[in-house]
Amino acid sequence: AQKITQTQPGMFVQEKEAVTLDCTYDTSDPSYGLFWYKQPSSGEMIFLIYQGSYDQQNATEGRYSLNFQKARKSANLVISASQLGDSAMYFCAMREVNNFNKFYFGSGTKLNVKP
Amino acid sequence: NAGVTQTPKFQVLKTGQSMTLQCAQDMNHNSMYWYRQDPGMGLRLIYYSASEGTTDKGEVPNGYNVSRLNKREFSLRLESAAPSQTSVYFCASSPDRRPYNEQFFGPGTRLTVL
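As you go down the protein sequences, you meet chains A and B in turn.
Each residue of the first sequence is one higher than the one before, starting from 19 at the first, in the numbering used here.
Each residue of the second sequence is one higher than the one before, starting from 2 at the first, in the numbering used here.
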C-alpha cells in the first residue's frame, strides 16, 4: 500500500488566492512526522513545514499552514495569498519513529499560479 | 556551512560505463540517503545509511552500490550504467531518529545514460 498519496497531479490557482494541496498517509506507527517540500523548476528540494503526530496545533510557517486531520490521516498543505514564485512541484513526505531511517514521499502536485 | 554537496552536477555516460556520485554533508548528521527522481515523479529511495559503517537497501537498489566512507561522505556507484538509470539523483542527510527532523537535500546530479 502507498504510504503517501497525493491525488492532484496538477493544480492552478489565481495569484493572491489560497490553495490547498492534498496529502493522505498510511501508517500504524503511533509516532510519525509529516513534511512538505517544494521543488521549483530549478530542481532543488526546499523544506517548507513539519507536523508531528502528537502536535495538538496545526503547524504554520508564514504563508504555509498544514491542515492536520489525524483521524482521517490527512495532512493538507494550505498556501495563503499565492504568489507567482509559488509555482513549483510540492511533495508530501512522512517519517515513522519505528522506521526512522526511511522517508516516504508522495508523487507530488504541480502547482501553477496564474497572474 | 555548505550543507549537502553533490558532485558532479551533470554527467553523460554510455551504456556499460561506471561512475561514482559523491555526496558530503558538513552538518554532523548521522543519516544519509540516496534518491532518484524520474521525470514528473516523486523521489524513490535507493539506499540509506543510518550511521557511519552501515548501509541498507531502499525501494530501488538494483544496479547501484553505496559506500559510507565516514560520517560526512556517502557515495553512490553505478557499476554498469543502463539507460533506465537516466534520472536526477539526490543525496540527503538528516540529524537523528526523532520524527521531526527533516531531510536536507543536495542540489542533485542530472545523469543521462545513452
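C-beta atoms are modelled at their ideal positions from N, C-alpha and C, and glycine is treated no differently.
For clarity, every value in this text was computed on a predicted model and none was experimentally measured.
Could you name the residues of the same chain whose beta carbon sits closer than 7 angstroms to that of residue i, not counting the 5 residues immediately before and after it, in chain order?
{"i": "Phe123(A)", "result": "Ile22, Phe109, Ala111"}
For residue i, collect the residues of the same chain with a Cβ closer than 6 angstroms to its Cβ; drop the 5 residues on either side in sequence, then sort them by chain order.
{"i": "Tyr34(B)", "result": "Tyr49, Ala93"}
{"i": "Met28(B)", "result": "none"}
{"i": "Gly17(B)", "result": "Ser81"}
{"i": "Thr25(A)", "result": "Asp40"}
{"i": "Thr38(A)", "result": "Asn94, Val96"}
Quick one, are the C-beta atoms of residue i and residue j less than 7 angstroms apart?
{"i": "Thr6(B)", "j": "Ala25(B)", "result": "yes"}
{"i": "Lys120(A)", "j": "Gly28(A)", "result": "no"}
{"i": "Leu21(B)", "j": "Ser76(B)", "result": "The amino acid at residue 21(B) is misidentified as Leu; the sequence shows Thr. Cβ atoms of Thr21(B) and Ser76(B): closer than 7 angstroms."}
{"i": "Glu103(B)", "j": "Phe30(A)", "result": "no"}
{"i": "Ala99(A)", "j": "Lys56(A)", "result": "no"}
{"i": "Gly59(B)", "j": "Leu46(B)", "result": "yes"}
Suppose the cutoff is 8 angstroms on Cβ atoms and the five residues either side in sequence are ignored; what does the same chain contact list for residue i look like?
{"i": "Lys88(A)", "result": "Ser71"}
{"i": "Pro133(A)", "result": "Glu33, Leu102"}
I'd like to know if residue i contacts chain A, where contact means its C-beta is closer than 7 angstroms to some C-beta of that chain.
{"i": "Ala82(B)", "result": "no"}
{"i": "Leu115(B)", "result": "no"}
{"i": "Glu74(B)", "result": "no"}
{"i": "Gln18(B)", "result": "no"}
{"i": "Ala3(B)", "result": "no"}
{"i": "Ala25(B)", "result": "no"}
{"i": "Tyr49(B)", "result": "yes"}
{"i": "Glu53(B)", "result": "no"}
My guess is that residue i and residue j are in contact by the Cβ rule of under 8 angstroms, so how many angstroms apart are they, rounded?
{"i": "Asp47(A)", "j": "Asn116(A)", "result": "5 angstroms"}
{"i": "Gly51(A)", "j": "Tyr68(A)", "result": "6 angstroms"}
{"i": "Ser60(A)", "j": "Gly43(B)", "result": "Their Cβ separation, rounded to whole angstroms, is 18 angstroms, which puts Ser60(A) and Gly43(B) out of contact at 8 angstroms."}
{"i": "Gly64(B)", "j": "Gln86(B)", "result": "6 angstroms"}
{"i": "Pro1(B)", "j": "Thr110(B)", "result": "Outside the shown range of chain B (2 to 115) lies residue 1(B), about which nothing can therefore be said."}
Could you tell me whether the Cβ of residue i comes closer than 7 angstroms to any Cβ of chain B?
{"i": "Glu62(A)", "result": "yes"}
{"i": "Phe86(A)", "result": "no"}
{"i": "Phe123(A)", "result": "yes"}
{"i": "Gly126(A)", "result": "yes"}
{"i": "Phe109(A)", "result": "yes"}
{"i": "Asn116(A)", "result": "no"}
{"i": "Phe30(A)", "result": "no"}
{"i": "Asn76(A)", "result": "no"}
{"i": "Asn119(A)", "result": "yes"}
Measuring only between beta-carbons, confirm whether residue i sits less than 7 angstroms from chain D.
{"i": "Gly109(B)", "result": "Here the protein chains are A and B, and chain D is not one of them."}
Report yes or no: do three or more beta-carbon pairs, one from the segment 64–80 of chain B and one from the segment 91–105 of chain A, lie closer than 8 angstroms? Result no; under three Cβ-Cβ pairs closer than 8 angstroms.
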